[in-house]
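Enquirer: This is the structure, below, for whatever I ask next.
Numbering (the working numbering), first residue to last: 179 to 410.
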């Protein structure tokens, strides 16, 4: 009888221990699930592109110049690598951004930036210095929408040819990028090359503008192809 009672007691103890172990395993699983659920991602937009405007020889009249942009995870190493390649007017903004937790983008003067959490991209400048046929091409507003010229006339189509370049970071519940997870570069049709082709010739336009600037006080220059009547 005593042996039977002892056996039942041992069995109950084992069942109790198994139940406690099971509860512990389930609680840990719930904890890790909660932690995983608390993780999210941060999509940092680096740049947007727009359909190009080309001359008759498919030479771009827009987006022909580029600049460098850095996507940065704030850290002491990033700060040390960035400051030598920052323009003077950007240093205050960089200092403020580096003091935070959220990844950010900033223009840099060189692609030679080497630090953990810093990615440098070459992006397009829509309008270049000494832009050719600027009176014809027009310009964009602060939201990237065509306001005048061909930019406005073909705005919907040029926007449809555009794309975006972004970096996705895994973040913790505080919004800080997780250094243990590599960021993902997200290229959605950025700089794909679609756009509008004109009849004008870029080199002829440049020559005409240079001559007008040198010799004209007022006036206009029109160059026509005598065989087709197309404006060059």
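Idealized CB from N, CA, C, for every residue including glycine. Quick caveat, the model's predicted, so the values are computed rather than measured.
Looking at residue 342: is its Cβ nearer than 7 Å to the Cβ of residue 226?
Expert: Yes, these two residues count as a Cβ contact at 7 Å.
Enquirer: Below 8 Å CB to CB, which residues in the same chain sit around residue 389 once its five sequence neighbours on both sides are set aside?
Expert: Once the five neighbours on either side are set aside, the close Cβ partners of residue 389 are 399.
Enquirer: Per DSSP, residue 346 forms a beta bridge with which residues?
Expert: Its beta-bridge partners are 221, 362.
Enquirer: Using 10 angstroms around the beta-carbon of residue 393, count the other beta-carbons present and answer buried if the total reaches 16, otherwise exposed.
Expert: Its Cβ having fewer than 16 others within 10 Å, residue 393 is exposed.
Enquirer: If you draw a straight line from the alpha carbon of residue 292 to that of residue 285, how long is it in whole angstroms?
Expert: Using only the alpha carbons, I get a separation of about 15 Å.
Enquirer: My guess is that residue 349 and residue 218 are in contact by the Cβ rule of under 8 Å, so how many angstroms apart are they, rounded?
Expert: Yes, residue 349 and residue 218 are in contact; Cβ-Cβ is about 6 Å, under 8 Å.
Enquirer: Going by the beta-carbon positions, is the gap between residue 319 and residue 325 smaller than 7 Å?
Expert: Closer than 7 Å, so yes.
Enquirer: From residue 405 to residue 251, what does the alpha carbon distance come to, in whole angstroms?
Expert: Cα-Cα distance, rounded: 58 Å.
Enquirer: Does the distance from the CB of residue 244 to the CB of residue 230 come in under 7 Å?
Expert: No.
Enquirer: Taking DSSP's pairing of strands, which residues face residue 398 in a bridge?
Expert: The partner list for residue 398 (beta bridge, DSSP) is empty, contrary to what the question assumes.
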